[in-house]
Each structure stands twice: as C-alpha cells, then as structure tokens.
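Here the structure comes first, spelled out in structure tokens, and everything after it is commentary.
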Amino acid sequence: MLFSCRKEVDIFVDEDPITDPPAELVVTSIYGQVVSESGLPVPDVVIKIRDYEVKTDANGYFEFDKIQANRFGTQIIASKDGFVRNILTVYPRLNQQMFRTIILSQKVNSVSFFTTTGTTIDMGKQTTLIIPPRSIVHSNDGTDYSGEVRLTWSKHQISDEYFLNLIPGELSGLDTAKTIKGLSPIGVIQMEMTDVQGNALRLAQGKTARLQYHIPEDYKGILESTVPFWYFDVKKNTWIQSSDAIKQSAQSYEVNLSSISSWCMAYPQNIIPFKGTLTATDGNGLRNFSVVVMSGLDKVELSTDNGGNFYGNVPANKPLTVEILNDCGYLVKQETIGPATAEVTFDKQLVENNACKTIPISGFLLDCEGNKITNGYVLLTSDNNRYFLRTDSEGKVAGQFRMCGNIDEAKLEAVDYEHNIQATMDVNVLLGQAVQLGQWKICDRVDGYISLQFNDHLYLLNEEVTVDLDNNDMIFSAASEAFGIECWVKDFHGEGIYLMPGQSTADFVLSFFPILPNAPNLVPKDISSFSTYKLEISKYVENEIMQGKIEGLARDENNNNEEGMMYMKFSIPLRQ
-19 MLFSCRKEVD IFVDEDPITD PPAELVVTSI YGQVVSESGL PVPDVVIKIR
31 DYEVKTDANG YFEFDKIQAN RFGTQIIASK DGFVRNILTV YPRLNQQMFR
81 TIILSQKVNS VSFFTTTGTT IDMGKQTTLI IPPRSIVHSN DGTDYSGEVR
131 LTWSKHQISD EYFLNLIPGE LSGLDTAKTI KGLSPIGVIQ MEMTDVQGNA
181 LRLAQGKTAR LQYHIPEDYK GILESTVPFW YFDVKKNTWI QSSDAIKQSA
231 QSYEVNLSSI SSWCMAYPQN IIPFKGTLTA TDGNGLRNFS VVVMSGLDKV
281 ELSTDNGGNF YGNVPANKPL TVEILNDCGY LVKQETIGPA TAEVTFDKQL
331 VENNACKTIP ISGFLLDCEG NKITNGYVLL TSDNNRYFLR TDSEGKVAGQ
381 FRMCGNIDEA KLEAVDYEHN IQATMDVNVL LGQAVQLGQW KICDRVDGYI
431 SLQFNDHLYL LNEEVTVDLD NNDMIFSAAS EAFGIECWVK DFHGEGIYLM
481 PGQSTADFVL SFFPILPNAP NLVPKDISSF STYKLEISKY VENEIMQGKI
531 EGLARDENNN NEEGMMYMKF SIPLRQ
C-alpha cells in the first residue's frame, strides 16, 4: 500500500484536465446476466454499452451481438429503479464473445428529510453522514431546493462476499496529479439524492457533507492517519481522487464529501497489465473461467472470453497469488508469481476438474409457425449452475453445457429473445448425458412436452402433443422429428401412482413409434422388469394441465437392445 500525509482539502470536479483513455474499437459480442445479491435474475434492467442499449429479459439475460467496443476498456452500465446502478469494465477482443454476470444491489437503505433543517444519517456499522441545512440544489440548473429530500445508499466493505462485483467501474482512477493509479480499496458507499418526484439533487457548490466512516476490523492498526477518498465520475466512468479522510480513533475516520454520489476509501498503487489465455489439453480456449489475482487484502477478478482470453490490471511490485477457477467455481490451479514491474503474460494449459462434465446439446428453436429463431438461446439451470447457449443464424443450438456436482434435477428453458417468449421444461439431468432438443417450438401458448432420458441421451418431444379422455381411459402422446411416444392409462383416476405388475395386468401401456433409423424404441428389459415401471401423475387440474413422470428398466430394440433405466417427464395441457 502507498500512504499519504497530505492536508485535507476539498477538490471539486474539473473535467478539462482529465485525459480520456485510449480507444481502439473492435467488433465483438458481449452477453450476460444480471442477478441480485441473492443470485436471482433481475428483469427489465437497462444495459448500455457506448451508444447501444437493451433491456434484460425474464432471465436477466442481455446480449449485444457484433457491436463496436473499445478493447482498452469498455463499460457495461446496468440500471433499474430500486437498485443501485452498477458499471462493469471489460476488455473485449476482435471477433470474440464474452459472457459477464452483473450483480445489482437493492436500494434498501433510505431516509427523507427537509433541506431547511439538514440531517444526520445513521448508515449502520458506526458510520454517519451529516448534511448541513440549506446545502442542496437542483442538479440540472443549480437553483436552490427547499423541499423534501430522499437519500438512498448502499455501503459495502472489502470483507463483503460480492464486494468486487458491486464497485462501479474498475479499481483504478486518476490521482491528484491526473496519473492513472490502481485502487487498494477499504470500503465503498454509493449514494443518490432526489426530490419526491425522483428528480436529481446535489450539494451546492462550496458545500460539503461530513462522513464519519468506520473501517473494517481487518484494517485496524494498519491504516495511516489519513486515507484518500475517491469519487466516481459518471461521465468519465472512472474514480477521481478527492479529499483525505482523517483518523479520529482506531477504527473511525472523518472526511468532507463534495457530492452525494459514489465514494471509495482506498490507497493508490501502481498497476501493470495482466493478460493471458487459458486452454484445455486439446488446445481449445476455456471460456467463462475466473482468474483471481491476490496481494494481501487486494483482489482482482478477471474472466475469460470464448477463446479463453483475459485481461486486466494488477498491483505492481508485489508478489501475486493467482487462482484459476473453472466455470462452476472449482479451483483448478493456484500459483504465486512476481513481483513484476511490467506487463505480465499468464498463459496456461489446464487439466479439467473431474467434478465438472461437458454435456453436448443440439437442436433447433422454432416459433409457432415453424420459422427458425435466430435470436434466441437455451438456458440450463440447476442449484449450482446457470448456462446459456445462443442460437446461430439458422436457429440451431449446437454446443456444450458445463455442469458440476451431483445434479439430479435441472430446468431447461428456450427463449425467443427478440420477441421475449419462452418455454420451460423440467428435466432429469445426469452427468455425461447428451441433450437432443429436436425442433423446440416456442409459443405464447403452452403446448406441453414429453422428455425422455435413456442412458446418455435426453430427448425432447414437443410436437403433436395431444390428450384424449374416453370414459375411464386416458391416452396422451407427443412426437419429435425422430420418434413418437404414446401412453395409454387404464382406469384413469387423476393424481396418484399407476403400476405395471405384469404385461396383462398393467395400469398403463407405453408405446414408442420410431421414425428415423436410430430413434429409440424402448420396451421393458424382460418379463421381470415390468414391475420396475411406475407412472406418477403429480398434478392434474381438469381442463388445465397434467404433469408427472414415468420410469422403468428398458432395452432399446432399435439400437442393439441397449439396456438402461428410462426416465420420462411430461407436461400436457388439457384444453376444452
């Protein structure tokens, strides 16, 4: 850390001397997901990159396909009412794709007061903000404001789980000499001040608010008598060094703030570029891997694009511990390097973690009229993983999902991103299987599906989904371009368990109708395996929907009598 002993001063924004960073535009694709601190998707978030703007869909998903972005640093700006705005800095490469997760923090802390009286705000953890009377003006024209003020804030310390994900921009900025420095952060406070209609307010020129800031226990006895405070310049998307905080006690500092905005308590430090490429043993780039670089309490998190490339800035002249985490968060490699005074290239070929498996997937997304969906994606979600795969110009989904851990249940969703229409299917996903979607139609209406898992394959049947109830018998069916499945339920009585004690005493009969040469044609493995078959109807709402599952020990007459356990799930709409 570097320490400063300057006298406390109040420095107001002066944009003219600030030099814009270099720019070199490259054509690239950037997509990702916005989630809350609890990990839930956040829809309807406005995402901006330069002059491009989109909104996240119901899954929090966004995409910018083949846009121009600055390879020396491009900001992704995410904003939504009720959440603290976040800004993520990325370093795109020519003709590459990168996926990024953005975390938004809800505005849960707020107070109201009148500008004529000012206020003292308890921000928690022994941190207090004092705003003097008659110190607030309209942001747009600087005229005096004398009404009710609403102030919201979010406060994070370096020990918080998502601290690095919630700091706007990158951990670098301009010091008082207008030199680019890295920030060794201690804590950050993000504040916003408006009137009751939501119009922006600010402190008047020459007015300050006094912040009494309580530092984390980890820094007790480490910090000097003064520590720099930096404000985030929303026009330049960078941190600017401003006032020094003065030590009042072992864990208390005071500082005068020239604005109600985002502030970071941090020491400046020299930084150097840190870049590299992560590849598998077959030479292919490892996408969505994390490269975590640590030096003492300082930490930088970088991510790889689809070519395995990463880039960022790390502390100079310090030993660095580098951890590589795969796309499920498992530690793959740890190494100590440095100190270094110039750019570091960190290329690594990695052997994968056995707990993570690759699941091939293929198929097409179609709309209700059978047209190809060229701007869509498939999302596989489990308890510990989310994975997106986009369609190509032919509406085809072809690639690999990455799943980690022991996964029994997962949700598969297909989305028409352009028209904001999605279809959902709950599936059994076992590690190592392939997913064959066939032609998945995405419609406003619910068309239903039958999913079949047999050994290493998962098939989706969502065409010609029909149901027929005749007296006490029910027949439901579905098809794909490869085969069809029909289930005849005898003496149907709604929700419950239906068994198959024997061929002549079965409560239900399951039939396969192959169309393509290698399509599955499953039958009970042998006479004794009839008793392994069970149909469970878990939900039945008359004239609305029927859902359930079927399982049993089977053999595939169409593929060398291959044996295995068959798992089926179904969701069938019951229309009048």
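At position 33 of the sequence shown (counting the first as 1) the number is 13 in my numbering, and the numbers step up by one without a gap. All C-beta atoms, glycine included, are put in the ideal place defined by N, C-alpha and C. Computed from a predicted structure; not experimentally measured.
- Here T132 is not near Y193, since their CB atoms are 7 Å or more apart.
- In the three-state reduction of the DSSP assignment, F488 falls in the strand class.
- DSSP places T174 in the strand class (E or B) of the three-state scheme.
- In the three-state scheme derived from DSSP, where H, G and I count as helix and E and B as strand, Y41 is classed as strand.
- Counting only residues of its own chain and dropping the five nearest sequence neighbours on each side, F326 has a CB closer than 6 Å to the CB of G256.
- Counting only residues of its own chain and dropping the five nearest sequence neighbours on each side, A296 has a CB closer than 7 Å to the CB of N250, I251, I252, A320, T321.
- Note on T123: under 16 other CB atoms within 10 angstroms of its CB, so exposed under the neighbour-count rule.
- The way I'd put it, the region 11 to 18 does touch the region 31 to 42; three or more beta-carbon pairs between them come closer than 8 Å.
- Selection G528, N289, E374 evaluated against F550 yields G528 as nearest (Cα-Cα).
- DSSP, read as helix, strand or coil, puts T325 in strand.
- Per DSSP, N145 is one residue of the alpha helix (DSSP H) stretching across 143 to 146.
- Scanning the region 240 to 324 from its first residue to its last, no whole alpha helix (DSSP H) run of 4-plus residues comes out.
- Listed as beta-bridge partners of H437 by DSSP are A414, F434.
- Within 10 angstroms of the beta-carbon of L496 lie fewer than 16 other beta-carbons, which makes it exposed.
- Apart from sequence neighbours up to five positions away, the residues of its chain that approach R130 with a beta-carbon distance below 8 Å are S90, V91, S92, M173, T174, D175, V176, ordered along the chain.
- By the beta-carbon neighbour count (other beta carbons within 10 angstroms, threshold 16), E393 is buried.
- Remark: three or more beta-carbon pairs, one from each stretch, lie closer than 8 Å, so the region 212 to 232 and the region 153 to 161 are flagged as touching.
- Counted as a single uninterrupted DSSP element, the stretch harbouring H473 is not any beta strand (DSSP E), since DSSP gives it neither H nor E.
- In this structure, C336 lies near C384, with their beta-carbon atoms less than 7 Å apart.
- Three or more beta-carbon pairs separated by less than 8 Å are not found between the region 236 to 246 and the region 266 to 277, which leaves the two stretches without contact.
- Contact between S119 and L181 is confirmed by a C-beta separation of about 6 Å, below the 8 Å threshold.
- Beta-bridge annotation (DSSP): I401 is paired with D396.
- Rounded to whole angstroms, the Cβ separation of N75 and V7 is 6 Å, and the two are in contact under 8 Å.
- With distances taken between CA atoms, K279 lies nearest to F143 out of N286, T99, F456, F143.
- Annotation for T446: S457 place their beta carbon closer than 6 Å to its own, counting only its chain and skipping 5 residues before and after.
- Exclusion of the five residues before and after Q55 leaves I67, T69, N217 as the residues of its chain whose Cβ lies within less than 6 Å of its Cβ.
- Every unbroken stretch of the alpha helix (DSSP H) spanning 4 or more residues and falling wholly within the region 90 to 156 is given here in chain order: 143 to 146.
- Short of 6 Å from the beta carbon of E466, and not among the five residues preceding or following it, lie these beta carbons of its own chain, in chain order: S457, S491.
- Residue burial annotation: I339 is buried, with at least 16 other C-beta atoms found within 10 angstroms of its C-beta.
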